[in-house]
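Remarks on the structure that follows.
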Amino acid sequence: MLDKRLKWAFLVVALIFAGLPIAGIILDILTPPNIEVEQPSSEAKPARDTTTPVEPVKADMVFIPAGEFLRGYNGGGFDEKPEGRVMLDAYWIDRYEVTYGAYTAFVTATGHRKPVSRYVKHFDKLSAPTQPAVYVSWEDADAYCRYRGARLPTEAEWEKAARGSNGLLWPWGNQDKLGAANTGNPDPYEFPAPVASFPVDQSPYGVYDMAGNVMEWAADWYQEDAYRDASPNPKGLPTGSFKVIRGASWETIGKETRLTIRLKMVPDFRDTTIGFRCARSSSEGLHHRDDKTS
Ligand SMILES: [Ca+2]
Ligand SMILES: [Ca+2]
Numbered sequence: 001m002l003d004k005r006l007k008w009a010f011l012v013v014a015l016i017f018a019g020l021p022i023a024g025i026i027l028d029i030l031t032p033p034n035i036e037v038e039q040p041s042s043e044a045k046p047a048r049d050t051t052t053p054v055e056p057v058k059a060d061m062v063f064i065p066a067g068e069f070l071r072g073y074n075g076g077g078f079d080e081k082p083e084g085r086v087m088l089d090a091y092w093i094d095r096y097e098v099t100y101g102a103y104t105a106f107v108t109a110t111g112h113r114k115p116v117s118r119y120v121k122h123f124d125k126l127s128a129p130t131q132p133a134v135y136v137s138w139e140d141a142d143a144y145c146r147y148r149g150a151r152l153p154t155e156a157e158w159e160k161a162a163r164g165s166n167g168l169l170w171p172w173g174n175q176d177k178l179g180a181a182n183t184g185n186p187d188p189y190e191f192p193a194p195v196a197s198f199p200v201d202q203s204p205y206g207v208y209d210m211a212g213n214v215m216e217w218a219a220d221w222y223q224e225d226a227y228r229d230a231s232p233n234p235k236g237l238p239t240g241s242f243k244v245i246r247g248a249s250w251e252t253i254g255k256e257t258r259l260t261i262r263l264k265m266v267p268d269f270r271d272t273t274i275g276f277r278c279a280r281s282s283s284e285g286l287h288h289r290d291d292k293t294s
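Below is the structure:
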């Protein structure tokens, strides 16, 4: 009797095992196609790394020590004469032209007017975050620098930062060099280049794009015979009709790109060839690295 039950039990088990592969095939058909369900991870990453700034060019300022520099050029135009040594206190100046990215952040934060109008052509070629801000009036530039706790450089500060203390005519020396700065002469950029794209256009103090890229507003009212007065820390007249513009631009054609050339423009003028950088007196907040040890 027991023997018979064992035989039955064995038969049932054998039938079950034999049926498994068939059941597997049937189940396989009934199972929907392979769909991977994303498992929530405890180490989920944010969509964007918020610690990385969108603006890749930092507001880096260069320290210009106190001392004399050679201002003007006797071989130049009437307003570049006479050349002479002028004393300046220490100051800081932006290593780069103010970028479109930095200026846009200022516009967003303050509601200041945008650097564009229906008269601006090729805006898409002028508005990358690392390109210099253009189409800014003197007042716009002044407002941006104040927002940053800085100010526009005086004409003398701009000139010393560009030429060094011994009066170079270009940041790299006393001879013009085609393609060394972004001008309208042959070079790889038809429009403003991202700041510091021309390593040769770097002054003895390491300030970029003083020869080219965009022309730059200075703080002073333009005065034709300003260089006759060799007083220290010149700031120009208290009022006037035109503000000073220095340096050449991506549209400047020909040899008139030397650093001593002085231009003037009404302060509310805006153009895609004009940008700016900011400065700050050494007593206005920042301290030179060496000051820490003294
Ligand atoms: Ca060019
Ligand atoms: Ca420039």
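With the numbering used here applied, the sequence shown corresponds to residues 1 to 294, in that order. All C-beta atoms in this analysis are idealised placements derived from N, C-alpha and C, irrespective of residue type, glycine included.
Burial state of residue i, where buried means 16 or more other Cβ atoms lie within 10 Å
i	result
Arg277	buried
Lys235	exposed
Ile253	exposed
Gly243	The sequence given here has Lys at residue 243, not Gly. Under this definition Lys243 is a buried residue.
Lys255	exposed
Glu337	Since the displayed the chain opens at 1 and closes at 294, residue 337 lies outside it and no answer follows.
Leu126	buried
Asn166	exposed
Ser283	exposed
Pro33	The predicted model places Pro33 with a pLDDT of 37, which falls under 50 and marks its position as unreliable; any figure quoted below should be read in that light. Exposed, because fewer than 16 other Cβ atoms sit within 10 Å of the Cβ of Pro33.
Phe69	buried
Residue i vs residue j beta-carbon contact at 7 Å
i	j	result
Asp209	Val195	yes
Arg246	Ala279	no
Pro192	Trp138	no
Thr108	Thr130	no
Met215	Ile274	yes
Ala161	Val116	no
Pro132	Gly164	no
Ala248	Thr183	yes
Residue i Cβ short of 6 Å to ligand 1 heavy atom set
i	result
Tyr189	yes
Asn213	no
Trp170	no
Asn74	no
Trp250	yes
Contact belief for residue i with residue j at Cβ below 8 Å, rounded distance in angstroms
i	j	result
Val134	Thr272	5 Å
Gly72	Tyr227	4 Å
Ala211	Trp170	6 Å
Tyr91	Glu157	6 Å
Asn233	Leu88	6 Å
Glu159	Leu259	7 Å
beta-carbon residue i near ligand 2 non-hydrogen atom, thresh 6 Å
i	result
Asp209	yes
Gly179	no
Glu216	yes
Gly84	no
Gly184	no
Gly206	no
Bridge partners - residue i, DSSP secondary structure assignment
i	result
Tyr208	Gln202
Ala279	Ile93, Arg151
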